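Numbering (the numbering used here), first residue to last: 1 to 48.
Note that CB positions come from ideal geometry on N, CA and C, so glycine has one too.
The model shown is predicted, which means the values in this text are computed figures rather than measured ones.
This report concerns only the one structure given below.
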């Protein structure tokens with residue numbers, strides 16, 4: 001069996017992957033939650 005390493009920091013979702021999706025991010029007011037919500041919004045998602 002072989003394994004493949006995946007670094008999520010190097011993955012940039014294609015715009016079509018998130019466009020039109022509604023995503024709920026808890027803790028989006030600060031810290032990691034805020035960074036994640038901003039990145040999702042830039043990728044085309046509607047963030048709640």
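Residues bridged to residue i (per DSSP)
i: residue 23; result: 47
Residue j beta carbon less than 8 Å from that of residue i
i: residue 33; j: residue 25; result: yes
Residue environment, residue i, which counts as buried when at least 16 other CB atoms sit within 10 Å
i: residue 28; result: buried
i: residue 37; result: buried
Rounded Cβ spacing between residue i and residue j (contact assumed at less than 8 Å)
i: residue 45; j: residue 18; result: 4 Å
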